[in-house]
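Sequence order for the protein chains is A and B. Quick note, in my numbering, the first sequence goes up one by one and the last residue is 164. Quick note, in my numbering, the second sequence goes up one by one and the last residue is 1475. Backbone N, C-alpha and C fix where the C-beta goes; we use that ideal spot for every residue, glycine too. These figures come from a predicted structure and were not determined experimentally. Here is the structure we will look at, set down as structure tokens.
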Amino acid sequence: MKHFRETGVVDLDTLIKMGYIPEETRLRAGPVAIYECVEEIPCNVCVFSCPFNAVSKNRITDLPRIDFSRCTGCGVCVGRCPGLAVFVIDISKEGNIGYVTLPHELLPAPSKNDEVVLLDREGREVGRGVVTRVYRDKVTRSWVVTVSVPKDLVMAVRAIKVIK
Amino acid sequence: MKDRRIYTHPILDFKRGKEITIFFEGRPIRAFEGESLAAAIYGAGVDVFRLSPSLKRPRAVFCMVGKCGSCIVRVNGIPARSCVTPAEENMRVERISDLPEASKYEKRLINEELETDVLIVGGGPAGMASAEVLCGTDLNVVLADDQIRLGGQLIKQTHIFFGSKELFAGKRGFEIAEEYASKLSKCPNLRVLSRTTVIGVFKEGIVAVSDDATYLIKPKYVVVAAGAYENHLVFENNDLPGVMGAGGAQTLMNVWGVKPGNEVLVVGSGNVGLIISYQLLQAGAEVKAVIEALPRIGGWFVHAAKIRRYGVPILTSHTILGVNGAERVEEAIVAQVDEKWNVVEGTEKSFKVDTVLLAVGLTPNTDLVRQFGVAMKYIPELGGLVPLRTQYMETSVENVFIAGDLAAIEEATTAFIEGWIAGYSILIKTYGEKEEYLTKRENLLKMLHEYRSAPVSEKVRKSWNLSLLTGGVAK
């Protein structure tokens, strides 16, 4: 796999190495934030936005550290991250359906129950999902959208295309 | 003729003025009062604004901020840069196919002499930051800005800013500009001269010109915060309408609500190239590809990821060879380059696009500051020829300060910090070394240092000292 600085696409191994992927037991316990913030950006929006103090940085240019025991998967950081680099995944429900919460800033506007095209990190269509929750962040006005996806795609789906 | 207006946008609400009619080559065009005339003409589907004086090649908008002259037209008989001219009812606009005529200008005299404590040149983040620090003191401040709206390039930034809480993190650029414009409008000791270009330094003072007045300004202190120019690139037919600066396209799209094109190729994968690509998607355009001559993406990964996940390819080790089209770009030819920047034969690809945006860097705008006779140095890592300055932003000419992109090509956040530092330096020179000012200035220096400690700022961080004046003029 080519380096993400050549492709603009990050792979799971890199995210694991950076400590962004929680243990299996935590993943199964409930929704949790997955950060794809892989460069030392001088930014701490996630740190001061988190209502549960689950995100920390020593220096502003450090990579964020997520305390998965504190993270509730509430999704506030999804709507606030300037890099649109945070997602919440949820594989805690029985059955084959998982959920991905992602930031969205394109038209048409997503609404609850919309069927949407699921896109991966390279914009490939990997399936169809349904919007189960959507709101506009009150600070950034980005939409924060939760979509149902096949459970095995929660680590792949990173965008949606709303068809209207 | 195509209507290029954007009527719905996921983030922006375009606050347009009263609907009016203007005439382009005799043809009525719908426009909105107070908007950029160039945006109105382009928005109505016009591709050719003028013809070049000698070869009569078509010209249209390029920079959209009054720097390039590509959009000069005759407005009610008088040559004007249409991008920085506000549209008015019944304006008659004509193409120019020759050099503009000087005889149409009235003889200009100095209308007003302004004795002031501080002159700030430029209403972008750096200039506004200096004004903010000086606001509410008993210093008289004049801020001259050559644009229709205050805020510099912030007004077209729709992305959310990185940074820390005290540095606007989490806000979008245009929101910061709006906040500042409103804050500064309430400032009792500040006079803003908008749409006013500071043209030169003379024996008697500094001359600034607007459409209806010429000022002779005599300041004690000057902060030059004139920003930067967008770079152009050499390739075949690079002057064809549809080839635009990425910044120019942002102004069209995000300030005036006019789509630059429908099918776009973006040249350059620095943050500007990546961000404009995302903004084009938001405006409903299709981005065919982003090309990058280096083997790696230039900007932040997160900005690249934002467009990759909507399927926009980023072609590294690629360059643009040329564009083709009659009166506007219809095709762009790109090819692969090897590690020595040579084009790899047989790799030429054609993209059917109507627009090519250049995001290939910026050059510090030192046109004015050089007239003061400040010491300059060529430092490629900082963007080219830059003024030397103390760490408190004073140049080699006492009481002449700089801040922002003309000091080094960086970003809005560092421009703000430098503007504040320049402001405090003026306060310290005026009121003496007060504890409060000194502490604030030292904290800002620390903040600047911390901000530049990011790996991506390595180039600027390492070269920063090269433009440092030793001996320190300001304390």
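Partner residues on chain B for residue i, Cβ-Cβ distance less than 9 Å
| i | result |
| --- | --- |
| Phe-48 of chain A | Ser-1164, Lys-1165, Ala-1169 and Gly-1170 |
| Val-45 of chain A | Ile-1160, Phe-1161, Phe-1162, Gly-1163, Ser-1164, Lys-1165, Ala-1169 and Gly-1170 |
Residue span of the beta strand (DSSP E) that contains residue i, given as start and end
| i | result |
| --- | --- |
| Pro-1125 of chain B | Run containing Pro-1125 of chain B: none in the beta strand (DSSP E); it sits in the alpha helix (DSSP H), 1125 to 1134. |
| Gly-1384 of chain B | 1384 to 1387 |
| Gly-1245 of chain B | 1243 to 1245 |
| Ile-16 of chain A | Counting along the chain, Ile-16 of chain A falls outside any beta strand (DSSP E), though it belongs to the alpha helix (DSSP H) covering 12 to 17. |
Limits of the alpha helix (DSSP H) - the one that residue i falls within
| i | result |
| --- | --- |
| Gly-1273 of chain B | 1271 to 1282 |
| Ile-1421 of chain B | 1412 to 1431 |
| Phe-1180 of chain B | Residue 1180 of chain B is actually Tyr in this sequence, not Phe. From DSSP, the alpha helix (DSSP H) with Tyr-1180 of chain B extends over 1173 to 1185. |
| Ile-1011 of chain B | Segment: none, Ile-1011 of chain B is in no alpha helix (DSSP H) and carries neither H nor E. |
| Glu-6 of chain A | 4 to 7 |
| Tyr-1042 of chain B | 1037 to 1043 |
| Arg-26 of chain A | 24 to 29 |
| Arg-59 of chain A | No alpha helix (DSSP H) holds Arg-59 of chain A; DSSP gives it neither H nor E. |
| Val-76 of chain A | 76 to 80 |
Residue-chain proximity (residue i, chain A), Cβ-Cβ < 9 Å
| i | result |
| --- | --- |
| Phe-1351 of chain B | no |
| Arg-1149 of chain B | no |
| Glu-1230 of chain B | no |
| Gly-1284 of chain B | yes |
| Leu-1281 of chain B | yes |
| Arg-1005 of chain B | no |
| Arg-1296 of chain B | yes |
| Ile-1417 of chain B | no |
| Lys-1011 of chain B | The amino acid at residue 1011 of chain B is misidentified as Lys; the sequence shows Ile. For Ile-1011 of chain B, the answer is yes, since a Cβ of chain A falls inside 9 Å of its Cβ. |
| Val-1473 of chain B | Because Val-1473 of chain B sits at a pLDDT of 43, beneath the cut-off of 50, its placement in the model cannot be relied upon, and the following sentence gives the value as read from the coordinates. It does not: the Cβ of Val-1473 of chain B has no partner Cβ on chain A nearer than 9 Å. |
is_contact[residue i, chain B] using C-beta, thresh 9 Å
| i | result |
| --- | --- |
| Thr-140 of chain A | yes |
| Lys-161 of chain A | yes |
| Phe-52 of chain A | no |
| Gly-83 of chain A | yes |
| Arg-59 of chain A | yes |
| Ala-109 of chain A | yes |
Residue i (DSSP reduced to helix, strand or coil)
| i | result |
| --- | --- |
| Met-1447 of chain B | helix |
| Lys-161 of chain A | strand |
| Gly-1152 of chain B | helix |
| Leu-1466 of chain B | helix |
| Asn-1254 of chain B | helix |
| Gln-1371 of chain B | helix |
| Lys-1475 of chain B | Since pLDDT at Lys-1475 of chain B reaches only 37, below the 50 mark, its modelled position is unreliable, and the value read off the structure follows with that caveat. The answer is coil: DSSP assigns Lys-1475 of chain B none of H, G, I, E or B. |
| Thr-1439 of chain B | helix |
| Asp-90 of chain A | strand |
| Ala-1169 of chain B | coil |
| Arg-1074 of chain B | strand |
| Pro-1455 of chain B | helix |
| Lys-1377 of chain B | strand |
| His-1303 of chain B | helix |
| Leu-1406 of chain B | coil |
Proximal residues of chain B, C-beta to C-beta of residue i below 7 Å
| i | result |
| --- | --- |
| Phe-87 of chain A | Those do not exist, as Phe-87 of chain A stays about 11 Å from chain B at its closest Cβ, beyond 7 Å. |
| Leu-153 of chain A | Those do not exist, as Leu-153 of chain A stays about 14 Å from chain B at its closest Cβ, beyond 7 Å. |
| Val-38 of chain A | Phe-1301 |
Within chain B, the residues that residue i reaches when beta carbons sit closer than 8 Å
| i | result |
| --- | --- |
| Leu-12 of chain A | Residues of chain B passing the Cβ test: none, with the nearest at roughly 14 Å. |
| Thr-101 of chain A | None at all; the shortest Cβ gap to chain B is about 15 Å. |
| Ile-41 of chain A | Phe-1162, Trp-1300, Val-1302, Ala-1454 and Val-1456 |
Contacts of residue i in chain A (Cβ-Cβ under 9 Å)
| i | result |
| --- | --- |
| Tyr-1310 of chain B | Leu-106, Leu-119, Gly-123, Ala-159 and Lys-161 |
| Pro-1380 of chain B | By Cβ distance, chain A contributes nothing, its closest Cβ being about 22 Å from Pro-1380 of chain B, past 9 Å. |
Amino acids of chain A, ordered along the chain, whose beta-carbon sits closer than 7 Å to that of residue i
| i | result |
| --- | --- |
| Lys-1306 of chain B | Leu-84 |
| Thr-1008 of chain B | Leu-107 |
Below-9 Å beta-carbon distance, residue i vs any chain C residue
| i | result |
| --- | --- |
| Lys-1183 of chain B | Within the model displayed, chain C is absent; protein chains A and B are what it includes. |
Selection of the stretch 1448 to 1462 of chain B by Cβ proximity to chain A, strictly under 9 Å: Glu-1450, Tyr-1451, Arg-1452, Ser-1453, Ala-1454, Pro-1455, Val-1456 and Ser-1457
Within 8 Å of chain A by C-beta, residues of the stretch 1311 to 1333 of chain B in sequence order: Gly-1311, Val-1312, Ile-1314 and Thr-1316
Residues of the stretch 5 to 31 of chain A with Cβ closer than 9 Å to any Cβ of chain B, in chain order: Arg-5, Glu-6, Thr-7, Gly-8, Val-9 and Val-10
Against chain A: residues of the stretch 1073 to 1094 of chain B by CB proximity under 8 Å: none
Near-chain B residues of the stretch 55 to 80 of chain A (beta-carbon distance less than 8 Å), N- to C-terminal order: Arg-59, Ile-60, Thr-61 and Arg-80
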